[in-house]
Each structure stands twice: as C-alpha cells, then as structure tokens.
DNA sequence: CCCTGTGGCAAACAGTTGTTTACTGAAACC
DNA sequence: GGTTTCAGTAAACAACTGTTTGCCACAGGG
C-alpha cells in the first residue's frame, strides 16, 4: 500500500534499512523521556522496535552513536524555526513576542526532542555533549550574524555581539527547558504555568533588549 | 588517630555510621563525574567504598535517595557563598566582578558538586530533579529579597524583581556549568578558556545591569 | 556484666546486559 | 538467471545488576 510513497531514487533495500533505523531512533527518543542516555540499553531499544538485538549493530556502533544522530535530528528543526524568526525585521517588542511564541510552539510540537537536548547537554555521554555544544555554537554564530546586521549593533565589537548572541541562545534553551518541564505536570495547570513561563521569558528578553540599547558602543 | 576529632556528643556507633554514609556519598560523587545518576549502580558505589552491597540499604533506600542527599550537600555550600556576595553593598561594577570571581572559585573548589547539579538538573531521576528545582527556587527567592532591598529596585513590582532574580540565577548556573565543562579539557588551555568564560559572564551581567537601570518602574 | 540494637557481611536469587557467532532469505547487480 | 551483498535472525556467552536472607561482631544502656 505504500510502495509508491517511497522516494523513487532509493532502492527497496535502502528504504527498508532507513525505515528500521528511524524506528530505532524513534523508540530511543520515546524511552529517553523518562531516563537518560547513559542508562538506556541497546536491548531495551530493539525490544520496543521488535527486532533482534544484533540488528542494532547494522545501524549504530554504540548507544552513543545513536545519541549523536538524535542530536542532529533534534536540532535541525530548531535551526529552521529560529532562522525564520530572525529573518523578519521588525519592532523589538514584536520580535520578542514572536520568538517566545515560536519557542513555545516548537516545544509543543517536539517535546521529546527538546527534553532530550536539555537532558543530554550536560549528560553523561561525552560524544553527545560535544555534539550538542558544537551545534549550539553554530547556532550562536548564526544569531550573532543576524544581530550584527541590525542597525542597533552599529559600533559594537564582534566579541560584544557574540556575547549578546550567547545570552540569547542560553536564554532560549532555558526557556525551552522550562516549557518542557512544565508540560510534565497535569494538563490542568499546564496552560497556566505555560503562560507564566512565557510571560517571564518576555520580560527578561525585554530587559536584555533594554540593556542592549544602552550598551556603550565604541565609536 | 582520629578518635578525638569526632564531635564528643556522637557515640562511636553513630560516628562510624555517618562515616560510611559519607564515604558512599563521596564515592558516588566521584563516579558521577563520568556518568549520570540513572546509570549509576548500587554495587558500583559499594565496591569503591569497599563495603558489601547489602550495606547500602542501611543508609539509603534507593540511588535516587542518595541523589537527593547529594543535592543538599552540593547546594548548601553554594548557598553560603552567594549569601556572602549579596551581603556586601557596593558599586554595581564591583559586585559583578566579585560574583563572577566567587563562582569561579566555587567551581574550582567543588567541581564535582557543580557538575552533578548541572547534569542532574534536567536528568533522568524525577526526585533529584525536583530537589534541585526546589533548592534553586529558594535560591531565587533569596536573591529576589536582596534585590528588593536595593534602592535600584524602587518602584519595581514584586514579579519584576522575581523575574530579574531568575535571570541572575539562571545566568549563574550557566556560568558555573561553562566553567566546569571547560576544566575537563587539558590544563594547558584551561586558564585561558576560564578567563574567556569569566570575561563573557562579566559583560553579560553588565548588560543585564544596564537593562535593570533603565527598566520602566511603575510609580 | 549481660542483653539488646544494629552496621556490616557472605551467599545466593533470578534477571538483565552487551557482544559474537554462524545462519538465512531476498534485493541488487551483471 | 545465476551470483553476490547484506539487513535481520537465533542462540549462546560471560558478566553484571538489585534485592533478600540469615548471620555475626560489637557498641550502648540497664
């Protein structure tokens, strides 16, 4: 029933392989909602997928390698999202509102991905930590480039721009973490707490924006 | 050789018990430098201490319970430190320098504790996460109280003060994480990277401080 | 001085883990 | 159409896990 839905350029062979690979990633991500990567067992994952333990090795050498793959999957979508927000040139107040709403939306749509990144950013698996750090750094560079292009940054040193970008990225990650942690509670209070978090995030961004406007730019 | 160094009010019995309990905590903390709590085994800890696995249950029901104990131990010292910084009323510029230096110092002295908190703040063990969150919240309240007492906060709403306190606490945790992550590299670059992190942190705090000064206080 | 409370021990338990081995069947290639 | 490639299998491996049991040695209070 789905033989025509696979990209024509891929053989049936490779398509099937990619399918189980994705199944492994999905199963791992689901299991990681309630534990951390360094305690996630290979057999645990294959059991959920319904595949023999040895089959795991056809796709990943380690659980660490699977983790790195999850990092890429998780941060790719975020990349797209924030790029869209940065693209539109608008009033500061409005870009703040849009950013916070975009983050909230992203968390609503990919809660497991966000949780995974927040958890493993300082987690027990070195390779995964480094993958996340590298991706967030590229992320910061991107934000810095966007900031530098704005007239509000005239006369700013590159380091100062990068510093501000870091502040924004850190704040974004903290806000996303707060959202995803709040959604773990019962859905009754979920809405209220979500709005409280968004409100605080907006005020914090407004304060930062204010500090930015009064930053002593070297001539 | 140390029979006279124990507090006289404790019997030999309780003193010995506390000693092995502390040994368990220390061993766990050391092991947690390279893995996360949810993957740390009970036997692993007792093996390092040199004690039978069953002995563990005389002190903790779970690894989770041990984790909560570690949270208290880890954040107690930080509490003391930041209280000292907040106590002294000084020029904004100087309080920033002192704060960053105090954080750097604290990380240098208790790297394992800081790493543990950063790792388990979003880690896989619910009870530990909640313990950390609760402690950080109390922490934020304390900072908020100190901020409210300053004349720079005249006319601020309580929510705004709490929002600013949250920003400071988050920033403190992020900075501490950055320090401890940097110290994992080779000691050659350690000094340089440490100064870079401190420098960025100071500039970020300065920008926040600037935003604070220009925040529209309701009359 | 004896008795009780208890921190720690050794042993055994059923499960689970990661990894290797030789294999099968079907897609892909010439 | 025969042959090669390879994703997935089943079974076995030693090593490890958390937890329970009965026991001992000994500090502390009477």
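Protein chains in written order, with our numbering: chain X, 410 to 628; chain V, 410 to 628. Glycine included, each C-beta is placed from N, C-alpha and C at the ideal position. Keep in mind that this is a model prediction, so the values were computed, not measured.
query: How big is the Cα-Cα spacing for residue 413/V and residue 430/V?
result: Because residue 413/V carries a pLDDT of 40, less than 50, the predicted location of this residue cannot be relied on, and the following value inherits that uncertainty. Going by the C-alpha atoms only, they are around 20 angstroms apart.
* To do: Check each candidate in 422/X, 521/X, 555/X, 427/X and name the one with the smallest Cα separation from residue 575/X.
  => 555/X
What does the Cβ neighbour count give for residue 447/V, buried or exposed, with the cut at 16 atoms within 10 Å? buried
Practice task
Please state whether DSSP places residue 471/X in a helix, a strand or coil.
Solution key: coil
ask   = Quick one: what's got a C-beta closer than 8 angstroms to residue 578/V's C-beta in the same chain, skipping five residues either side?
value = 545, 548, 549, 552
Exercise for the section: Note down, in chain order, every chain X residue with its Cβ under 8 angstroms from the Cβ of residue 429/V. Expected result: Going along chain X, no residue has its Cβ under 8 angstroms from residue 429/V, so there is no contact; the nearest lies around 26 angstroms.
Please confirm whether residue 633/V and residue 436/V have their CB atoms less than 7 angstroms apart. Chain V is shown only over 410 to 628; residue 633/V falls outside these bounds and no answer can be derived.
Could you confirm whether any beta carbon from chain X is found closer than 7 angstroms to the beta carbon of residue 416/V? Note that residue 416/V scores a pLDDT of 47, beneath 50, so its modelled location is shaky; the value from the coordinates is reported in the next line. Answer no: the Cβ-Cβ gap between residue 416/V and chain X never drops below 7 angstroms.
query: Among 421/V, 539/V, 444/V, which residue has its Cα nearest to the Cα of residue 478/V?
result: 539/V
Worksheet item: Comparing alpha-carbon positions, which option in 487/X, 560/X, 503/X lies nearest residue 614/X?
Response: 503/X
**OP:** Establish whether the CB of residue 411/X and some CB of chain V are separated by less than 7 angstroms.
**Re:** Because the pLDDT of residue 411/X is 38, which lies under 50, any placement of that residue in the model is unreliable, and the number read from its coordinates should be weighed accordingly. No, no contact with chain V.
Q. Going by other Cβ atoms of all chains shown within 10 Å of its Cβ, with 16 needed for buried, is residue 623/X buried or exposed?
A. exposed
Check: What in chain X is Cβ-close to residue 541/V, meaning under 9 angstroms?
Finding: Within chain X, no residue comes near residue 541/V; the closest Cβ sits about 11 angstroms away, beyond 9 angstroms.
How many whole angstroms separate the CB atoms of residue 519/V and residue 486/V, which I take to be in contact at a CB cut-off of 8 angstroms? 6 angstroms
Hey, which unbroken runs of the alpha helix (DSSP H) at 4 residues or more fall wholly within the stretch 460 to 533 of chain X?
472 to 496, 501 to 518, 520 to 529
Near the ligand MG: residue 491/V beta-carbon under 6 angstroms from a heavy atom: As far as ligands go, the structure on display features none, and thus does not contain the ligand MG.
If you compare alpha carbons, which of 516/V, 557/V, 525/V is closest to residue 592/V?
516/V
- prompt: Buried or exposed: residue 562/V, going by 16 or more other Cβ atoms within 10 Å of its Cβ?
  reply: buried
Exercise. Which value, in whole angstroms, describes the spacing of the CA atoms of residue 411/V and residue 421/V?
Worked result: For residue 411/V, the predicted structure reports a pLDDT of 39, less than 50, and the residue's modelled location is therefore unreliable. The matter cannot be settled from this model.
Secondary structure of residue 443/X, DSSP reduced to three states:
coil
(request) Indicate the three-state DSSP secondary structure (helix, strand or coil) for residue 623/V in the structure shown. (result) coil
Margin query: 7 angstroms is my cut-off, CB to CB: does residue 450/X come that close to chain V?
Written below: no
Since residue 547/X is in the alpha helix (DSSP H), which residue starts that stretch and which ends it?
535 to 557
Check your understanding: So the alpha helix (DSSP H) residue 586/V belongs to, where does it begin and stop?
Key -> 567 to 591
- Task: Give a yes or no on whether the minimum CB-CB distance between residue 700/X and chain V is below 7 angstroms.
- Result: Beyond the ends of chain X as shown, which are 410 and 628, falls residue 700/X; an answer cannot be given.
Worksheet item: How far does the alpha helix (DSSP H) with residue 453/X in it reach, from first residue to last?
Response: 451 to 458
- Using DSSP with H/G/I as helix, E/B as strand and the rest coil, what is residue 608/X? helix
Comparing the C-beta of residue 508/X with each C-beta of chain V, is any distance below 7 angstroms? no
**Item:** Neighbour list for residue 447/V in chain X, Cβ cutoff strictly below 8 angstroms
**Value:** 444, 445, 447, 448
- [ ] Let me know the secondary structure DSSP gives residue 438/V once reduced to three states.
- [x] helix
Close Cβ partners of residue 618/X (< 6 angstroms) along its chain, the five nearest in sequence each way excluded
501
Q) Using the beta-carbon of each residue, which ones in chain V are nearer than 7 angstroms to residue 531/X? A) 527, 528, 586
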